[in-house]
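So the structure is just underneath, and the comments pick up after that.
In my numbering, the protein residues as written are 191 to 430.
The following block contains the structure:
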């Protein structure tokens, strides 16, 4: 559902910016490229934070809310609802805020949801080793269906939603991804009592702090010409 919503917005966004917002082709392409790049890079920052300090379920819920608010705001700009400013500056500001709310939502949603899904299969890791092959098969099947869903949602978003936007209007074209996201959040929330919640990592295993220490140690070695700044083994950091 999330891929369907995102591709439904992103695939035809240049056309929306040129036809509705009246941007030039170059400005519209630059805006969409910057937005897509920011959206793609954001999980690199959010994923270590989730692993280190937040739990995945809460992150999914919070990021889904941001995602949905962004989609609702984007739909509002297309439908020209009364609270959307009609002057050019206000309209553009509302549009960009809605797009970057979607980016923030996706930045926490994508890395957390896939890992949370894999967590549901790790409860069998504590079973006897004779069942390890069965557990591996289930994980393999899970990720196969996961990527099948990603590809299917992306395909439907690029084809069906883009067609609706071009023929039936932008309001309906953005409302459909919003409805899809609401549906996915509702289904996800309904299954809460069936989920397996993985305990947070200990303080010594926080991946974000480990990454920071590794970057600091690497920078120190480069500055000192490859000579470690400290011989104390406690200062050595290993990336697992």
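Heads up, the beta-carbon is just placed ideally off N, CA and C, and yes, glycines get one too. All values reported here derive from a predicted model rather than from experimental measurement.
Tell me whether residue i, by its Cβ, gets closer than 8 angstroms to a heavy atom of the ligand ZN.
i           : result
residue 266 : Looking at this structure, you won't find the ligand ZN or any other ligand, since it has none at all.
Using the Cβ count rule (16 or more neighbours within 10 Å means buried), how would you classify residue i?
i           : result
residue 393 : For residue 393, the predicted model reports a pLDDT of 45, less than 50, meaning its position is unreliable; a value from the coordinates is still stated below. Residue 393 comes out exposed.
residue 384 : exposed
residue 495 : Absent from the model: residue 495. The displayed extent of the chain is 191 to 430, so no value can be given.
residue 232 : buried
residue 194 : buried
residue 360 : buried
residue 327 : exposed
residue 246 : buried
residue 248 : exposed
residue 216 : exposed
residue 253 : buried
Taking C-beta to C-beta, are residue i and residue j nearer than 9 angstroms?
i           : j           : result
residue 257 : residue 295 : yes
residue 263 : residue 303 : no
residue 289 : residue 211 : no
residue 191 : residue 261 : no
residue 367 : residue 251 : no
residue 365 : residue 268 : yes
residue 301 : residue 386 : no
residue 332 : residue 308 : yes
Counting along the chain, where does the alpha helix (DSSP H) carrying residue i start and finish?
i           : result
residue 355 : 352–357
residue 265 : 246–269
residue 386 : Unbroken run through residue 386: none, as it is neither H nor E.
residue 211 : Here residue 211 belongs to no alpha helix (DSSP H), and DSSP marks it neither H nor E.
residue 371 : 360–380
residue 503 : Residue 503 is absent from the model: the chain starts at 191 and stops at 430.
Straight-line CA distance for residue i to residue j?
i           : j           : result
residue 297 : residue 409 : 27 angstroms
residue 342 : residue 283 : 32 angstroms
residue 218 : residue 226 : 12 angstroms
residue 223 : residue 230 : 10 angstroms
residue 196 : residue 355 : 14 angstroms
residue 347 : residue 299 : 18 angstroms
residue 349 : residue 340 : 14 angstroms
residue 338 : residue 305 : 16 angstroms
residue 351 : residue 363 : 6 angstroms
residue 235 : residue 228 : 11 angstroms
residue 345 : residue 358 : 19 angstroms
residue 241 : residue 287 : 27 angstroms
residue 404 : residue 293 : 28 angstroms
residue 388 : residue 221 : 39 angstroms
residue 330 : residue 311 : 10 angstroms
residue 259 : residue 266 : 10 angstroms
residue 380 : residue 255 : 15 angstroms
residue 208 : residue 214 : 6 angstroms
residue 335 : residue 270 : 38 angstroms
residue 413 : residue 239 : 28 angstroms
**OP:** Count the C-beta pairs between the stretch 196–206 and the stretch 373–388 that are closer than 8 angstroms, then say yes if the count reaches three, no if not.
**Re:** Using a Cβ-Cβ distance cut-off of 8 angstroms, the stretch 196–206 and the stretch 373–388 are not in contact, since fewer than three pairs of beta carbons, one from each stretch, lie closer than that value.
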